[in-house]
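If you read the sequence shown in my numbering, its first letter stands for residue 7, the second for the next number, and so on.
Each residue gets a CB set at the ideal place from its N, CA and C atoms; glycine is no exception.
Computed from a prediction, not measured in an experiment: that's the story for all the values here.
Notes follow once the structure below has been shown.
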Amino acid sequence: GLHNKYPLQTKIRTELSLGRCSIISRENTEKRNYNGMVAKQPRLQLKSKSNEDTEDTAIRKESSITTRISAISSWRYIWLVAALPALSVVFPMLVDAAQQTTVPEDRRFIIIFYLILKRIYLYVSALTVVDMAARRASALPLGLGQRLQQLNEELLSNIIGKQQLQELSQGEAAQEAYKSLDRVEGKDQALILPLFLGTLLLGSFYVLQLQTVLDPSLVSGADPALLSSVKDLFKYIGPYWTAFTNAAVCIIFTRAEFEAAIRSFTDSGKQSEEIKDTTADITAGIALLLSSLAVFGCYAGPQSVVWPVRNVVNSCLAITVARAIQLPKFAYVVAALGGLVLYDIIGVYGSSFLLPPAGATEPAVATSVMETVARSKLDGSSPFWQPGLLSVVINGKTTDALGLGDTVFPALLAGWAMRHDREEKCNDEASSNNDSEENIIDLPQPSWYLQSCLGGYAMGCFLQEVFNTGNGQPALLFLIPSMLIVVLGTATVRGELSNVLRS
């Protein structure tokens with residue numbers, strides 16, 4: 007849409023992989039590939055109308071822009087990594103206050119305040135993840151192959167050797183694979199995503215059955231001794247293998263976010279290349295150490311003490327996964343979210359027939375496949391911590407929890423909103439005809455559509471509480487429609503509905 011609005015003067019390129027915009031001459035515009043994405047990720051170009059900017063000036067502007075973008079997110083990392091965990095100390099204090107007071111009215115007030123505050127804390131934590139996931143995801147390319155390539159380089163740098171990383175990223179076989187993924191259209195990604203998640207859910211469920219409730223007598227025609235041996239194998243070896251792989255993934259994903267957090271404070275944009283390389287290595291080493299300590303604490307520490315740290319690690323997991331599954335167009339996002347809502351509904355309400363009969367080996371507590379998998383993370387059936395939930399723990403018992411999928415999937419829409427807001431900003435800058443260094447690419451915090459997404463998410467959280475049945479329920483059924491209603495309402499009020507639907 008931006009190209010059609012300024013066909014003769016300039017073309018606007020939103021370099022989402024770098025999280026910034028540039029105004030370039032029509033002659034220097036790259037050819038676009040499918041879905042309107044940039045075929046290459048060139049270095050930022052800045053040209054004023056008078057063409058008087060030198061290369062040094064362009065580099066200086068690029069560094070200034072990068073610094074401003076980094077500084078925007080610094081306080082968000084403080085909120086995620088420090089402030090939210092620190093606020094968790096309020097809950098034990100409220101419990102002690104309720105137990106010590108002798109006035110019934112005061113005790114009732116404290117208990118009600120405590121119950122409400124727990125839910126608010128959980129939803130604010132989830133909202134923080136959605137917001138940061140959207141901002142982080144908007145800095146990656148929209149092509150699936152390019153996006154995964156850049157993520158792999160980011161996640162595995164300083165984890166594996168440089169030669170192995172180079173082969174994984176730039177090797178001939180890797181490049182072919184990434185190009186093949188780039189050819190996967192957004193509509194196909196939108197279709198595959200719910201099916202892929204459904205397959206993962208069923209796989210997790212059946213592995214759990216093998217570890218816990220599989221009765222050899224229920225499988226006709228199979229050797230009972232063999233089935234019993236398989237069950238014992240999964241029961242005793244499975245948890246250790248799962249804990250090892252989960253810990254490795256948690257360290258790698260958390261390190262990426264910790265490194266981004268450190269860089270948001272330290273990047274100045276005025277360092278030489280040699281100093282930047284040295285600083286990057288030191289930053290990566292510190293981030294790896296901190297993430298390793300955090301994950302070790304999640305596994306080794308008592309639940310009543312380390313649950314805020316577990317929430318931080320789970321938040322980093324959700325942010326990284328959300329960065330990997332972004333879609334290029336609003337229609338594709340809506341289609342994927344529709345499939346995910348259906349997946350959530352079927353997982354909660356339409357999968358009870360897959361559960362084993364009550365009393366076969368153990369009493370059936372859960373009423374659905376999704377609830378079975380969620381309870382396995384809460385009931386202590388595994389000797390190790392299992393990531394995947396944002397939670398509130400009081401006196402060693404999990405009292406409130408929210409699945410990471412309820413933050414990752416809404417971030418699909420929030421990520422689109424972030425990119426759309428940035429394109430609008432580029433549009434405004436082009437029409438202002440002001441090419442001064444301070445104003446040419448001044449990226450403020452995105453408004454309108456990202457804020458609408460977050461407001462819709464908050465409304466969905468409120469509706470979950472209003473219609474809470476006391477049992478497991480599909481959170482996406484409330485979150486996604488609320489977000490879409492607010493976003494489309496915002497577009498209608500602003501007179502941009504047709505533009506949004508085509509974006």
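- For Ala180, the secondary structure class from DSSP, reduced to helix, strand or coil, is helix.
- Taking the CA atoms as reference points, Leu201 sits about 28 Å from Ser131.
- Pairing Ala330 with Ala254, the inter-Cα distance amounts to about 18 Å.
- Contact between the stretch 346 to 356 and the stretch 477 to 485 is present: 3 or more CB-CB pairs across the two stretches fall below 8 Å.
- Looking at the DSSP output, Ala407 sits in a beta bridge with Ser397.
- Per DSSP, the continuous alpha helix (DSSP H) segment holding Thr272 begins and ends at 244 to 272.
- Counted as a single uninterrupted DSSP element, the alpha helix (DSSP H) harbouring Trp81 occupies residues 80 to 84.
- Annotated as proximal: Ala293 and Phe264, with beta-carbon spacing under 7 Å.
- Under the Cβ criterion (8 Å, minimum of three pairs), the stretch 340 to 348 counts as touching the stretch 415 to 434.
- Nearest neighbour of Met99 by Cα position, chosen from Val318, Tyr120, Asp112, Ala196, turns out to be Tyr120.
- Of the candidates Trp422, Val399, Val492, Val399 places its Cα closest to the Cα of Val101.
- Under the three-state reduction of DSSP output, Ser458 falls in the helix class.
- Nearest to Cys256 by C-alpha distance, out of Trp313, Pro147, Leu197, Gln392, is Gln392.
- Out of Leu197, Gly495, Leu295, the CA that lies nearest to the CA of Ile268 is found in Leu295.
- Along the length of the stretch 134 to 162, whole alpha helix (DSSP H) runs at least 4 residues long occupy 150 to 162, reported in chain order.
- Here Glu182 is exposed, its C-beta having fewer than 16 other C-beta atoms within 10 Å.
- Relative to the Cα of Thr284, the nearest Cα in the group Asn164, Glu111, Leu86 belongs to Asn164.
- By the criterion of at least three beta-carbon pairs nearer than 8 Å, the stretch 140 to 155 is in contact with the stretch 420 to 431.
- Per the Cβ contact rule, the stretch 307 to 321 is in contact with the stretch 84 to 99 (3 or more Cβ pairs under 8 Å).
- Looking at the DSSP output, Ile166 bridges to Ser163.
- With fewer than 16 neighbouring CB atoms inside 10 Å of its own CB, Pro308 falls in the exposed class.
- Within its own chain, the residues whose Cβ lies closer than 7 Å to the Cβ of Tyr349, once the five positions on either side in sequence are excluded, are Pro200, Leu203, Gly204, listed in chain order.
- Beta-carbon to beta-carbon, Ala139 and Ala328 are separated by about 4 Å, close enough to satisfy the 8 Å threshold.
- Here the alpha carbons of Val136 and Ser388 stand approximately 29 Å from one another.
- A distance below 7 Å between beta-carbons, with the five flanking residues on each side excluded, links Ala262 to the following residues of its chain, in chain order: Glu160, Leu161, Thr326.
- Of the residues Ile258, Met489, Leu419, Ile288, the one whose Cα lies closest to the Cα of Ala300 is Ile258.
- For Phe97, the enclosing alpha helix (DSSP H) has its first and last residue at 96 to 106.
- Here Asp112 is exposed, its C-beta having fewer than 16 other C-beta atoms within 10 Å.
- Rounded to whole angstroms, the separation of the alpha carbons of Val493 and Ile486 is 11 Å.
- In the three-state reduction of the DSSP assignment, Phe302 falls in the helix class.
- Gln392 carries a coil assignment under DSSP once its states are collapsed to helix, strand and coil.
- Secondary structure at Asn474: coil, using DSSP grouped into helix, strand and coil.
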